[in-house]
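Student: Dumping the structure here so I can ask a few things about it.
Numbering (the working numbering), first residue to last: 2 to 136.
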C-alpha cells in the first residue's frame, strides 16, 4: 500500500476517534464486503448508477471503460463521458439488471488500475410507489 494512502488512513483514524489503522481497515472491509449482500435487493429488477473519475492521460482507463461498456451491453442502459477540470474524465454508467450482474460490473471497474474514484448506488426499479402505476 502506498505510504501516502497509509498516512491518509492514519490521519482519518486520528480525526474520527478510531484506535488505529487496523480498525479503519476492518470497518472499510466490512462495508465493502456487505455492499451487495442486501437480501432486499435479491431477485429484483435494479437500476445502478456508477461514476468513475480518472486522469485522461491514463489512456488505459478510458479504453478499459469502453471494453466494459461493450462487454456488458445488455446491462448498460446508458453511458456518459465528460471532461472534468483540467485533465480528468468522468465516466457515468446507468445499469439495469440483477444484483449479481451489477456487482460483477462494479467489481470489474474497481479492478481497473489507475481509476481515481468510483462511486455507485443501486435501487430497485419495481418499487417506485405511485409512479409504478403510471402507464
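Each residue gets a CB set at the ideal place from its N, CA and C atoms; glycine is no exception.
Can you give me the C-alpha to C-alpha distance between residue 15 and residue 9, rounded to a whole angstrom?
Tutor: Distance between the alpha carbons of residue 15 and residue 9: 10 Å.
Student: Flag this pair as yes or no: are the beta carbons of residue 95 and residue 79 separated by less than 8 Å?
Tutor: Closer than 8 Å, so yes.
Student: Give a yes or no on whether the C-beta atoms belonging to residue 93 and residue 59 are separated by under 8 Å.
Tutor: No. Outside cutoff.
Student: Take residue 7 and list the residues in its own chain whose beta-carbon comes closer than 8 Å to its own, dropping the five residues that flank it on each side.
Tutor: So the list reads 22, once near-sequence residues are dropped.
Student: Do residue 106 and residue 47 come within 8 Å of each other at the CB atom, strictly closer than that value?
Tutor: Against a cut-off of 8 Å, the Cβ pair of residue 106 and residue 47 comes out as no contact.
Student: Drop a sphere of 10 angstroms on the beta-carbon of residue 41, count the other beta-carbons inside from all chains shown, and report buried for 16 or more, exposed for fewer.
Tutor: So residue 41 ends up on the exposed side.
Student: What is the DSSP secondary structure of residue 86, counted as helix, strand or coil?
Tutor: Coil at residue 86, not helix or strand.
Student: Roughly how many whole angstroms lie between the Cα atoms of residue 65 and residue 97?
Tutor: Residue 65 and residue 97: Cα-Cα distance of roughly 20 Å.
Student: Could you check what DSSP says for residue 77 in three-state terms: helix, strand or coil?
Tutor: Looking at residue 77 - three-state DSSP - the assignment turns out to be strand.
Student: Between the beta-carbon of residue 85 and the beta-carbon of residue 54, is there less than 8 Å?
Tutor: Yes, the Cβ-Cβ distance between residue 85 and residue 54 is below 8 Å.
Student: If we count the other Cβ atoms within 10 Å of its Cβ and call it buried at 16 or more, is residue 30 buried or exposed?
Tutor: Under this definition residue 30 is an exposed residue.
Student: Residue 11 by DSSP, collapsed to three states: which one?
Tutor: Reduced to three states, the DSSP call for residue 11 is helix.
Student: Roughly how many whole angstroms lie between the Cα atoms of residue 116 and residue 90?
Tutor: Each residue's alpha carbon lies about 10 Å from the other.
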